[in-house]
Each structure stands twice: as C-alpha cells, then as structure tokens.
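Protein sequences, first through last, are from chains C and U.
Read in order, the letters of the first sequence are residues 1 to 558 in the numbering used here.
Read in order, the letters of the second sequence are residues 559 to 717 in the numbering used here.
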Amino acid sequence: MDLPIIRHYLGPFLSRADLINCVRVCQQWHASFLPFLWRRCDITADWTPEGPAASPSLDVLIRNARFIRELQLQTTNGISDFLERCVSLRVLIVHGKQPASAGDALWTELSALVRRNPSLEWIVFGLYLENSPSAKFLEALVQSCPRLRCYESSQCRYDDPAQMDALMKIITSVEQIVSKFEHFVNVPFNTPDVLPNIRQLILKDARGFCTMTQLDLVCRCPNLEDLKWCVGRDAIFPIQEFCERIAKACPKLRSFHTDSFGLQGPNDLMKILDALPPLETLLLYGMVINRNIYTALRRHFATLQTLDIIDCFYVKSWMAQDILESCPNLVKLAISKLLLRDIVQGKDWVTHKLEDFSVHIIADSDSVADQWITFGQISKLTQLRRLRISTSSWSNRVGNFRFRLESGVDQLKTLIKLRELGLGGHAQEMSPEDDLSRRLRSFKIDLKVDEEGEEPTCYSYMEDDDDDDDDEEDEEEDYYDYDDDDLEEEGGYVGDIQDGEDVVLTESQPFQDFDQGDQVVVDASLSETIIQGQYNASIGVTEDSLDHSQERRKVEHQ
Amino acid sequence: MTITLTSLDNLEFKVDKDVAERSVLIKNMIEDVGESDSPIPLPNVTSAVLKKVIEYCEHHRHDPVPVQDESDDPRKRSNDIEEWDMKFMQVDQEMLFEIILAANYLDIKPLLDVGCKTVANIIKGKTPEEIRKVFNIVNDFTPEEEAQIRKENEWAEDR
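Now the structure itself:
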C-alpha cells in the first residue's frame, strides 16, 4: 500500500464510511483518498458558512472544491467563494426552496459556474414552479459545456421565447432529456426537424405543452431508445397518431414506461403494445391489464428483459405463471400475484437469467408438497440477486408461504448470488432449528434480510452502497401518492375477487376483469352506454335487452 | 499458437495465445511484432507473480472481453467477487499487491478490479488504527492534526 497508484485504483471501491477512516490513517493515505471522499458534495438547505457539524464549513469547502465532481445545491446563500473554486464538476444538481426563490441572482451565479466547468455532463433542476433557467444561463450552458449529456428539469416554469430558443439548442445537443411537472406558458416550440442525439426522453405531466406537439417531439428522435411518457391527468393521450407513427419514427425504441392517465378506453394499452417495436423494458403503472392487453403484451415476451407491472390492476396469477414460462430473457420482474396452485399446475419456469424478482406469492392451501415445488422453481433462478416475496396486506389468504426446512426452503441454497431477500408480510413461525437467518447464513452468502413479521428473527444488514440508482424513482414517489383511497375514487380499482364471488359492475366501478362463465351482476346504476361502448369489444353481452333492473346475466367472451 | 513470456528472473512460461491476450499489453505487443517465436520479456514481473497471473488468465480465458469503461468515476461495488477468484486471492499481502501491480502493468482490467476489491474488503469496516495494523503503517499525524481531519470530514459520516 506504499504506492500511490494502488491507492488511486482502490478509491472507487471504497464506501464513504471507509474513506472517512482511510483519510485518517497517515499523511500519504490522506493525500490519496481525500479526492475520493470529496467526489460528491451535498450542500443542504440549512447550510451556513460556519457549518453545523453535519455540514462542512466554508473554509473546508473552499479547500476541497477542486475535488468535487458531483455537487448538489439546496442553497446558494454565502457560497460564492466556494463555487468560484469548483472547476471539476461533472454533475450539478440544484433544487429546493431557496434556489427556487432566488430569482435571477441564481442564474447569474450559475452562469459563471458553468463557464468554469467545461466537463459538466449532467445537470438537474427542481424549482417548485417559482424559477426557471434564464435564457442567458442556457446560452452559457450550451457554449461552455460541450460534454453535456443529460438535461433534467422538474417543476420549472418557462414563459420566455428567448428561453425556449436557448432550450432548443440544449435539446439538440444532449442525449437525455427529462422534464417533469413543468409549466410552459404561451411559448412556441420550435424544435429542429431532427434530434439525432436523443437516446432517452422522459416527458411527465407537462402543462401548456400540447400532447400532439409532445408526440411530434418524440417522433423527431430517430435514435430514441428509451421513452417515458405520461401526459398527466387533464390531457389526452393521442392514441391513434402515436400508434401510427411510433414504430417508423423511433425504430430503435426498446424501453417504454407510462401510466394510465390520458388513456380513454380499456384497450388503448393494447393498441400501444401492438404498435411498439419489440421491447426490452416495459414499466406500467396504474393500468388495467385485461385479457386483450395481456395478449398484446405476449408479443414482447421473446425480447423482454425488464417487466414491471406490480402496480397494475387485475393482473391474474395465471399471467404471472405464463410470464415465467415464456420469457427467456427476463432479468427483472415485478408482478403482483402468483398462487401456489398455478405454479404447481404450470410448466417449469424458463426465466433463468432473472436477477431481480418481486412478487406476492400466495399459498392458497396448506399443502407442503406445493411449497416444495415452489421453492424448487425458485431455486432454478440461480442468477437472483434480489428476491422479494410478500403477501399483499389487504387480502386474507388461507395458509402461509412458509420459509421452513419442512417446506423445502433448503433448496434455495442454489441462489449463491442472492444479496437481498424481502419477506415482508409473511408471518413466519419459526422454531430454533429452522431459524431462517441461521439457515441462510450457512449458505455462505452475505445477505440483507428484511422481515416485516411480528418478531423479526434477524437483522443482518449489509452496507447499502447502491443508493445512487434509486434517486429518480424516489423523487417520483413524492409527487405521486397512489393510495388505495385515491384509486377507489378514480373508479378503476376494486378489491380482489374471490373465486365463486359475483363480479359486480356499478357506475363507479365499471371496470372489472371476469372470465367466461362468471356470473355478472349489473347494478341498476350502470348506464347502457357504458356497457355497450366499452365492453362489447371484449365480452358478448347477451341480447336479453339491457334493461336497468338488476338481474343476473351470463357473460360470454366473444 | 503458444507465446513465450520471460519473467524478471529469466524464467520462461509458455502460454496459449488467447490466454496471453487477456493482457492488453501483450496483445498489442503481439500485434506490433507479428507472428514470431521470440519470447516476450516482462522485466517488471517476477516469476512467482507471473505464475499467478497466468493461472488467472487461464481460468478466465473464455470470459467476454471487458468493455472499456470510459470514466474511472462511477462508484464500484466490492461484494461480488466470484468464489474461484476469492480463493485465488487468498495470498499474503505482499503477493496481493504484486498481483495488483502486475495487473496494472500488463493491463488486465478484470484482475486489477478483483485485486482492488479484495483490498477494499480488507479495509471495509476498519477503524484507522485497525487499518494501520493490517498494513503496517506508521501514524505520522500529530494528535492535533488527526483531530482536525476528523472534524473536517465529520459531515460525511451520515451521508
């Protein structure tokens, strides 16, 4: 360890906590590891120049400014001297109440900053609709930072044509654009005809930005690979135009992410899935997956690597089993439920590349043999790094999926790459002999076990080094609160339907999934038009006229 | 085709071409010199270390060639070492550092990574005093200096 070069290579592999200790070891180590410790710096909203213990003081900041590559600013009060010495920035994040209310002064300061940092690659703003990059700042950014790859902006308010002109220049040069909850007020969108650099585009809930114009923007990106497009509550998704244009305009599209807002009919999603090129990544949030949609989804099974539909509705257990039997390239799967009976009656799973698996496995019987078979199937997923199995808290199911020796949990010792195991919601009755943690420790793996049972038997936490990845998703959780309550108001969500229970359609809950032979009770409040308009496509309502009295009808699929 | 490698202490090692080419340095040398029987001298690597390096390359000869990571910036994990590699790295400290230096000189990135991860795992969770003990390092800070450093970097502790 005498040699600086070894320490230099070592730096990126050390966690923050370890770096803090390494800089105290000796003079040489201090010199080698200090730059790594200071690669990332966060100035929180409560920072002052004297620096409370939780923050570095201005002196310390000034001394180490040149090492910083990722800077997050939640305040710009009193840090000019420090910013003057930041010259190695690759990532700049500015968000919070203080920058939002700082007005033009913020942009003067930041213009000077970007001029000093030609290595800037990634810039992020979050400004509570109170502020937005000035035209001068955006010009400075374009001129000074040729390596800018990603422009990410949240809750900015654009109302100046000069601003938009400068923004267009940025859009033309970067690879990745993220726009969330932004307001565009009476400004023109003069995007160039072609945006060949854009690989990733996120457009979420933009206001004042007509959805047809948004679609135009998307279709001007011939090298687009990754699209997340949510038009927002009050807008309409231009379904027909999207389906007509998307495959030709964006032939390299491999990743698609959307939510249900703006879609009008229950089969819009089916049309979208049919129109898209074969996908590798698909993330759907808050959408109903009925049979037609599921059939359209199957088109992508050969190529799918990531599928996240855990927050969609009416995803049946047989669908989950079918996915596991049919998607050989799947690496990440998040899906809501899977009954033991479907696993046992189904074929072997082919998803051998699966690394990340989140699912509610529901034991619909107490059969130990069923549990053995289930563990057997899971044990084949030898590439698993992350496994989360839990019951959904709102349903009462018979039996528990038991992580015990007698249920065959021992088979999981094939999961040698497993790093994270989530068992939330399972009440596990464990005897000392089959204490889960002891068993898993004997598998020689370094494990983070998270048990939300009544009496957790072990908490062996591994240091979580990978907090960087989840930041974008966490941000979204703040803006979107999909409570069960919200959804019931929306009218699109119903509690789970037990076998043998009647499917009840009402005005407030017109969307339900049902199978051939189900008895359907139509409530008097449900209007004729709803039935005819939206259900005839997928079901055949018998001709025994649609009068509004409550009666039982047999529903057959067309 | 076999390539002959000569260590610092003049021992010759015959290896298959595809094994030798796990080292980008050797690969480039072969391309420059063309087909030739003359041995390639590696004056920076002793025979003991070269033997270990060759063992690594032979075991990993069929691995996909690593893609060049454009920046050395991204935080890397150290908890995903394969079992064979872990056993391979169970050597004394001196050999461990020699392997890292050799991997650097010969430009064998995966071996360099594994070596660094191994050292990172040794450091993991240790206090400065424990680190000094493990690596035989003398503390050349005065108590005041050390306290100062600790105070200045306190802010990073909870992040």
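Heads up, the beta-carbon is just placed ideally off N, CA and C, and yes, glycines get one too.
Assuming contact is defined by CB atoms lying nearer than 8 Å, are Phe125 (chain C) and Ser101 (chain C) in contact in what I supplied? no
Quick one: is Thr685 (chain U) near chain C, going by C-beta distance under 8 Å? yes
Would you kindly check if the distance between the Cβ of Leu664 (chain U) and the Cβ of Leu583 (chain U) is under 8 Å? yes
Would the region 372-391 of chain C and the region 413-423 of chain C be scored as touching if the rule is three or more Cβ pairs under 8 Å? yes
Please go through the region 663-689 of chain U and give each complete alpha helix (DSSP H) segment of 4 or more residues, from N-terminal end onward. Note on the region 663-689 of chain U: whole alpha helix (DSSP H) runs with a minimum of 4 residues are 667-681, in chain order.
I'd like to know whether the C-beta atoms of Leu138 (chain C) and Ile170 (chain C) end up nearer to each other than 8 Å. yes
What are the residues of the region 1-23 of chain C that lie near chain U, defined by any Cβ-Cβ distance shorter than 9 Å? Met1, Asp2, Leu3, Ile5, Ile6, His8, Tyr9, Leu10, Gly11, Pro12, Phe13, Leu14, Ser15, Arg16, Ala17, Asp18, Leu19, Ile20, Asn21, Cys22, Val23
State the Cα-Cα distance for the pair Ser336 (chain C) and Tyr314 (chain C), rounded to the nearest angstrom. 9 Å
How would you write the range of the alpha helix (DSSP H) that Arg116 (chain C) sits in, first residue to last? 104-116
Beta-carbon proximity of Ala660 (chain U) to Val696 (chain U), cut-off 8 Å: no
Using only alpha-carbon positions, find the residue among C:Ala369, C:Gly96, C:Arg40 that is nearest to Arg90 (chain C). Checking every option, the nearest Cα to that of Arg90 (chain C) belongs to C:Arg40.
Neighbourhood of Gln163 (chain C) by C-beta distance below 6 Å, restricted to the same chain and skipping five residues each side: Ala135
Continuous beta strand (DSSP E) assignments of at least 3 residues falling wholly in the region 143-231 of chain C: 150-154, 176-180, 200-204, 226-230
Using a Cβ-Cβ cutoff of less than 6 Å, which residues in the same chain neighbour Lys444 (chain C) once the five nearest sequence positions on both sides are dropped? Below a pLDDT of 50, predicted positions are generally treated as unreliable, and Lys444 (chain C), at 41, falls in that range; the measurement from the model is reported next regardless. Taken in chain order, the list of residues that qualify is empty.
Have a look at C:Arg63, C:Asn190, C:Phe357, C:Val368 and flag the residue whose alpha-carbon is nearest the alpha-carbon of Leu387 (chain C). C:Phe357
If you measure from the beta carbon of Trp642 (chain U) to each beta carbon in chain C, is any gap under 8 Å? no
In the DSSP assignment, find the unbroken beta strand (DSSP E) run with Ile255 (chain C) in it and report its ends. The question names Ile, but residue 255 (chain C) is Ser in the sequence shown. From DSSP, the beta strand (DSSP E) with Ser255 (chain C) extends over 255-259.
How far does the beta strand (DSSP E) with Tyr314 (chain C) in it extend, from its first residue to its last? Looking at the DSSP string, Tyr314 (chain C) is not in any beta strand (DSSP E), and its letter there is neither H nor E.
Can at least three beta-carbon pairs, one atom from the region 320-337 of chain C and one from the region 296-306 of chain C, be found at a separation below 8 Å? yes
Count the other C-beta atoms from every protein chain shown that fall within 10 angstroms of the C-beta of Met559 (chain U), then say buried if there are 16 or more, exposed otherwise. Burial call: exposed.
Since Ile239 (chain C) and Lys204 (chain C) are thought to touch, with beta carbons under 8 Å apart, how far apart are those beta carbons, to the nearest angstrom? Ile239 (chain C) to Lys204 (chain C), Cβ: 18 Å. No contact.
Chain U beta carbons: is any one of them nearer than 8 Å to that of His30 (chain C)? Yes, His30 (chain C) lies at the interface with chain U (some Cβ there is under 8 Å from its Cβ).
State the CB to CB distance for the pair Cys150 (chain C) and Trp122 (chain C), rounded to an integer number of angstroms; the pair is presumed to be in contact (CB under 8 Å). 4 Å
First and last residue of the alpha helix (DSSP H) that includes Val60 (chain C)? 58-64
Measure the C-alpha to C-alpha separation of Ala206 (chain C) and Glu420 (chain C) and round it to an integer number of angstroms. 36 Å
For Leu670 (chain U), return the contacting residues in chain C, with the cut-off set at a CB-CB distance below 8 Å. Tyr9
Proximity below 8 Å, CB of Thr562 (chain U) to CB of Pro597 (chain U): Result yes, Cβ atoms of Thr562 (chain U) and Pro597 (chain U) sit closer than 8 Å.
So the beta strand (DSSP E) Met644 (chain U) belongs to, where does it begin and stop? Segment 641-646 is the alpha helix (DSSP H) holding Met644 (chain U); no beta strand (DSSP E) there.
Which residue from C:Arg115, C:Gly103, C:His95 puts its Cα closest to that of Cys86 (chain C)? C:Arg115
Quickly, what does DSSP pair Ala334 (chain C) with across the bridge? List them, please. C:Asp308, C:Ser358
Does Asp496 (chain C) come out as helix, strand or coil in the three-state DSSP assignment? In this prediction, Asp496 (chain C) has a pLDDT of 38, which is less than 50 and means its spatial position is unreliable; what the coordinates show is noted afterwards. Note: Asp496 (chain C) maps to coil in three-state DSSP.
May I have the straight-line CA-CA distance separating Glu488 (chain C) from Phe261 (chain C), to the nearest angstrom? Any reading at Glu488 (chain C) must be qualified, since the residue scores a pLDDT of 34, below 50, and its modelled position is unreliable; the value itself is stated next. Rounded to whole angstroms, Glu488 (chain C) to Phe261 (chain C) spans 15 Å at the Cα level.
Taking Cβ-Cβ distances below 8 Å as the criterion, which residues of the region 683-714 of chain U are in contact with chain C? So the close ones are Gly683, Lys684, Thr685, Pro686, Ile689, Arg690, Phe693, Ile695, Val696, Asn697, Asp698, Phe699, Glu704, Ile707, Arg708, Glu710, Asn711, Glu712, Trp713, Ala714.
Using a Cβ-Cβ distance cut-off of 8 Å, determine whether Val677 (chain U) contacts chain C. Residue contact with chain C for Val677 (chain U): present (Cβ-Cβ distance below 8 Å to some residue of chain C).
Can you find a C-beta in chain U that's less than 8 Å from the C-beta of Val60 (chain C)? yes
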